[in-house]
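Inspection log for the structure reproduced underneath, given as structure tokens.
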Amino acid sequence: RYALERVEYSRRLSAGRVFWGETVKLEITVANRKLLPLPWVRVDDEAPDELTFLSKLPPSYNPSRLVLTNVLSLGWYHQITRRFSVRCLKRGFHTFGPAAIRSGDLFGFFQSEVASEKLDHLLVYPRIVPLEELGIPSRDPFGDLRLRRHLFEDPIRAMSTRDYAHGDPL
Numbered sequence: 198r199y200a201l202e203r204v205e206y207s208r209r210l211s212a213g214r215v216f217w218g219e220t221v222k223l224e225i226t227v228a229n230r231k232l233l234p235l236p237w238v239r240v241d242d243e244a245p246d247e248l249t250f251l252s253k254l255p256p257s258y259n260p261s262r263l264v265l266t267n268v269l270s271l272g273w274y275h276q277i278t279r280r281f282s283v284r285c286l287k288r289g290f291h292t293f294g295p296a297a298i299r300s301g302d303l304f305g306f307f308q309s310e311v312a313s314e315k316l317d318h319l320l321v322y323p324r325i326v327p328l329e330e331l332g333i334p335s336r337d338p339f340g341d342l343r344l345r346r347h348l349f350e351d352p353i354r355a356m357s358t359r360d361y362a363h364g365d366p367l
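Next up, the structure:
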């Protein structure tokens, strides 16, 4: 019953914003801040499926998310930190979390579970590509084709001027 009392869990990303193709460090820390040792602690932390983890991960029960499963043993006043390298090959706004923390007795008769609802976010910017690679010369960003007829007529543009004649609209 007291297994998860004073057990602290934290998740930290090395950067909050990165460009496409860069690598981010994900750091997960579990700390036991009491005299009672924990024979086993299981932390299931959700991560975005679009990002590439450089270490091998087991398959997830959720098809749209990855689940980082860490099973640890913590002594009294003990802390364990796990680090993962994440390659960002999909642009967008990615969310890490929530996490479920489980622990119990040595034989598995009694278990307790706590949910950590803290979310961390990672923004991946698109890849920067020079204009020459896109095939658009920088001197003509709108293209080099000139039109004689425009889609809309500009009402402010005057084509020519002449004196007012009787019968002309205002």
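Per our numbering, the very first residue in the sequence shown carries number 198; after that it's consecutive.
Where is the CB? At the ideal position from N, CA and C, for every residue including glycine.
Candidates the options: closest to residue i by CA position
i	options	result
T249	K222, W273, G272	K222
L271	G218, F349, Y206, L348	Y206
L286	E330, V268, E247, L233	E247
S309	R230, V240, F349	V240
A244	G301, I325, E202, A297	A297
D242	H318, S211, F293, V204	F293
R288	L320, P295, Q276, K253	L320
R299	I325, K231, V215, L269	L269
L263	V238, V326, P295	P295
I325	S252, D360, S261, F216	F216
Three-way DSSP call (helix, strand, coil) for residue i in this model
i	result
L223	strand
L233	coil
L263	strand
E247	coil
L328	helix
T358	coil
D365	coil
D241	strand
L269	strand
L319	strand
Local Cβ density within 10 Å of residue i, reported as buried at 16 or more and exposed below that
i	result
G332	exposed
H363	exposed
G213	exposed
R346	exposed
H291	buried
G218	exposed
L367	exposed
Inter-residue CB distance, residue i and residue j (contact presumed, cutoff 8 angstroms)
i	j	result
R284	T220	5 angstroms
A200	Q276	With a Cβ gap of about 16 angstroms, A200 and Q276 do not count as contacting.
Check whether the region 306–326 touches the region 251–265, taking contact to mean three or more Cβ pairs, one atom from each stretch, closer than 8 angstroms.
The region 306–326 is not in contact with the region 251–265.
Does the pairing of the region 301–312 with the region 274–283 give three or more beta-carbon distances under 8 angstroms?
no
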